[in-house]
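Below is one structure, written out as structure tokens, with a few remarks after it.
Below, the structure written as structure tokens:
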């Protein structure tokens, strides 16, 4: 449980960080909160020769509003997400989700960017970013580019991030005021990854669903945007039959592994239960707003 | 000073003696980060060691090549079985009469078994070197399922026992068989079953789990080549026994071994045994002449040092149609892993499993236990319980519920009907124990009234109907448990550990100014001995607890004792403390008589000193007596005021309790929410009610964990699954239910202060209570028994199997 030897770098700008990452290629890893990388290093499942610590780069921090979008810097901690008045007003589902990540100690160190960038299927923010149709800003040796969250994840720990690239910020389109939302996560205990979890954001037109977006956490090797299930609830009042149909459509795209959280069958069923419960809660909130 | 008149109540309160909710004195240093644990100890020149471990559960080792590791700067040595062989230390005796490979001797029998020990200048280099050691294996067929262990074609796990058809506990009937232990009246029991109006039978499994103290097992061995002395710091629940074992194995004379157990961060049975890490550290220190430290990491702790349980209990109860039990028959298949390293200091290979008749008046019973080897980690420790008592309590408490269901009787009523009655104590059980005292009916009735049991049953019935009508997706379970513990190991006729009898000891010394230092053979791992032992002495000797220093764990200064586990400290060391104190008081009485110029028979004890009978104005406090004891003792009496007592208990003690759990289960997720948990404990005389409550909270939390998901699991290849706190369920404050505690007091008639021990009761009673609640919830859907652990996915599967998902 002790990491192998490595070189430690502490750049003060994105350009410097990117140069280091590009120079060392696969031998380098960026270090943000460290709550995914350092346990892997302690198990020697990750043995980077170079750690590029992002803590001293001011440009990577902070939450701001940019027109109809909210931009969250990569090294913003989960605790800062939870404490943000701006997010509480515009995107309350972020704090609701962040509160269900790990525990207060970890949320104080763990970063928003690390959570979305790493491609760990157990992380909660990736599915939420897919639900919200967020866009990731990546900086690399050849300049910057953006990748939608829905296109970013390729497999467990495999993402669109190229060697030498760094995720610098996430842009989230702000849903209309009065939207309904819910992040429903089934887990064994505080600190655990989801057995299954579902993120829902919807808007109403009168009593029926006008727009809806559903995404799933930890029931496949990547987060899943449940497009069919989302489409299916639009125009309905979320009656019991619709909830069941949406849950079934969501379950159909899952491919969970059997693990200590339960059998694949159980985890797939729980994805359905979480979808139905998140939809119902989002509906209640939208009506109450 | 003389003007100040203090009342008797004030004098009493000043002592903070027995019955006082005295705050834990050790917490002053623990809460300020000033505890001194093994890993806090750093000696000059100290080296570090750790193990290369097997990646396979069963394999021959064809080659070990340490040359690359040895070439790494900072690596001092690499030990394998070859290096230990000339010292005769490549195998070690276990506490259960078996032997265990210290380092794999040609083959490995469980995953993560110790293969080589690397010693280097710092902990980082050790881990770098571990990566460089090459081990080649030839895989062997793996045996994981204990039910297949005795198949004729089952893999041979222990070729070292080839041809040995008699083990430490009698004949072996198969190459993977360890022992068969039977007790009770077999023909009589068979007769009772043949004649029974009603019988039930169920295979009740208690899964493999682990004590998982927050501080893992660790030691620091420092051999002084000049003096020929070994100092061994370690996380030892039984430091004196470790010294004796270390002396027998190393041939270093016992007086030249100094074992020191400093502050310990939880034990729960995990730190009773002797582990390869201890042996290798000692050898490494002897070889290098430098101190060598070994500290387990979490995964090593969970996957190698001492699992608990893994008992599979086929349970049969015979009864009359109106619910009077007439016989109990239990067969246990006990999975001990690859070596029988069960930490069992009783004279029997299944500990006190014969407490399995529980709190009930069974006229006849029979118990048989077969122990088997499998390709899993060795152990079988008593995880916060007396030896196999939690297994026994789970077996009988589940069994009684299953019988109640078959009879259509309320499980509380069935228990009431079959309790041993107050007037039957001391009670001879069908399986050979003499229960010391109890009032089970009183305790059960108090508990039922406290939770309004009948109203809960009515609510449950209404909710079941609502569930059937489709109005709710929640079902309600009420867990009922009444357990009897057997603790305080123990009488030398019943108990020993490698031939060492299970007494314990106390040495009390009063200083001239009236303060005290006292040392015991027990060893706190968080139980609060520094607080409670002082309270016993305070009451016995009239010296305020605040003026009493308690010291444990240093074998050079403390009297020999067998340590702390199995709730034995209060029943055994606690008795020794009271008796040592009484020796002092007897001498003090002589001194007081001399000072007051009266006969000692004219004196009576009064809170904090002696007074003349009928003339209470004439008195001497213990503090005054202490000064006189050193400086003006009566002629002919030797100076000083101290005593030692070694206590071999005449009997075990039998704490008991009534526990109730109210649980709501979401059938769609399998998540169980604990609505209430009420625990009534009777541990006899209560020394410190606050510490008792803390012990009960801790034990219930562990019981909750075990029943609801805590498990050491293996796949079919013998790979240990989830040996980290991500998967191994250790509840946080968020998951932990709120506990309601209560008590009755039935003192032990044979214990000097009437105390019985309490630390483990909540684990013993809690596990069946949670499991009974889950089972009770599903009973109305036609279920008789659902195996533990009751984590959400398994509960959901049960719900599905029973048709609860529509």
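Protein chains in written order, with the working numbering: chain A, 18 to 306; chain B, 31 to 836.
For each residue, glycine too, the CB sits at the ideal point set by N, CA and C.
Given the structure is predicted, the values throughout are model-derived calculations rather than measurements.
So, helix, strand or coil for residue 262 of chain B, using DSSP? strand
Endpoints, alpha helix (DSSP H) assigned at residue 132 of chain A: DSSP places residue 132 of chain A inside the alpha helix (DSSP H), whose first and last residues are 129 to 134.
So, does the CB of residue 283 of chain A fall closer than 8 Å to a CB anywhere in chain B? yes
Residue 92 of chain B versus B/234, B/168, B/55, residue with shortest Cα-Cα distance: For residue 92 of chain B, the closest of B/234, B/168, B/55 by C-alpha to C-alpha distance is B/168.
Could you round the C-beta distance between residue 120 of chain B and residue 133 of chain B to whole angstroms and report it? I think they count as a contact, below 8 Å. Yes, residue 120 of chain B and residue 133 of chain B are in contact; Cβ-Cβ is about 6 Å, under 8 Å.
Is the beta carbon of residue 253 of chain B sitting closer than 8 Å to the one on residue 260 of chain B? yes
Residues near residue 120 of chain A in its chain [Cβ-Cβ closer than 6 Å; skip 5 each side]: 207, 208
How big is the Cα-Cα spacing for residue 56 of chain B and residue 295 of chain B? 12 Å
In the DSSP assignment, find the unbroken alpha helix (DSSP H) run with residue 425 of chain B in it and report its ends. Taken as a continuous stretch (DSSP letters only), the alpha helix (DSSP H) holding residue 425 of chain B covers 419 to 437.
Between residue 287 of chain A and chain B, is the shortest Cβ-Cβ distance under 8 Å, so that the two count as touching? A Cβ of chain B is located within less than 8 Å of the beta carbon of residue 287 of chain A.
Residues of chain B with CB under 7 Å from residue 203 of chain A, in chain order? 699
One or two residues paired with residue 490 of chain B in a DSSP bridge: For residue 490 of chain B, which the question treats as bridged, DSSP gives no partner whatsoever.
Could you list which residues in chain C have their beta carbon closer than 8 Å to that of residue 751 of chain B, in chain order? Protein chains in the displayed structure are A and B, and chain C is not among them.
Proximal chain A residues relative to residue 740 of chain B, where beta-carbon distance stays under 9 Å: Here the premise fails: no neighbours, minimum Cβ distance about 11 Å.
Cβ neighbour criterion (16 or more within 10 Å) applied to residue 740 of chain B: buried
Same chain, Cβ closer than 7 Å to residue 50 of chain B, five either side skipped, listed in chain order: 565, 718
Secondary structure, alpha helix (DSSP H): runs of 4+ residues fully inside the region 153 to 190 of chain B: 153 to 160
What does residue 822 of chain B touch in chain A if you count any residue whose Cβ is under 9 Å from its own? 203, 205, 212, 278, 279, 283, 287
Using beta carbons (cut-off 8 Å, strictly below), is residue 762 of chain B in contact with chain A? yes
Is it buried or exposed, residue 661 of chain B, if we count other Cβ atoms within 10 angstroms and call 16 or more buried? exposed
Going along the chain, which unbroken runs of the alpha helix (DSSP H) with 4 or more residues stay wholly within the region 51 to 79 of chain A? As far as the region 51 to 79 of chain A is concerned, its whole alpha helix (DSSP H) runs of at least 4 residues are 54 to 59.
Using a Cβ-Cβ cut-off of 8 Å, state whether residue 560 of chain B counts as contacting chain A. no
Using a beta-carbon distance cut-off of less than 8 Å, what residues from the region 61 to 80 of chain A approach chain B? 61
Assign residue 255 of chain B to one of two classes, buried (16 or more other C-beta atoms within 10 Å of its C-beta) or exposed (fewer than that). exposed
Any C-beta of chain B within less than 9 Å: which residues of the region 160 to 186 of chain A qualify? Cβ proximity to chain B below 9 Å picks out nothing from the region 160 to 186 of chain A.
Are any of the Cβ atoms in chain B nearer than 8 Å to that of residue 300 of chain A? At least 8 Å separates the CB of residue 300 of chain A from every CB of chain B.
In three-state terms, what does DSSP make of residue 31 of chain B? Note that residue 31 of chain B has pLDDT 45, beneath the 50 cutoff, so the model's placement of it is unreliable and no number is given.
Look at the alpha carbon of residue 352 of chain B and the alpha carbon of residue 446 of chain B, and state the distance between them as a whole number of angstroms. 13 Å
Hey, would you say residue 18 of chain B sits closer than 8 Å to residue 607 of chain B, going by beta carbons? Here chain B covers residues 31 to 836 and nothing more, so residue 18 of chain B does not appear.
Where does residue 278 of chain A fall in DSSP's three states? coil
Cross-chain neighbours of residue 765 of chain B in chain A, by beta carbon under 9 Å: 205, 206, 207
Which residue spans inside the region 739 to 816 of chain B form an unbroken beta strand (DSSP E) run of at least 3? 770 to 773
Helix, strand or coil: which one does DSSP assign to residue 207 of chain A? coil
Anything in the region 807 to 831 of chain B with a Cβ closer than 9 Å to a Cβ of chain A? List those residues in chain order, please. 821, 822, 823, 824, 826, 827, 830
Going by DSSP, what residues sit across from residue 197 of chain B in a beta bridge? B/200
What does DSSP give as the partner residues of residue 183 of chain A in its beta bridges? Under DSSP, residue 183 of chain A takes part in a beta bridge, and its partners are A/156.
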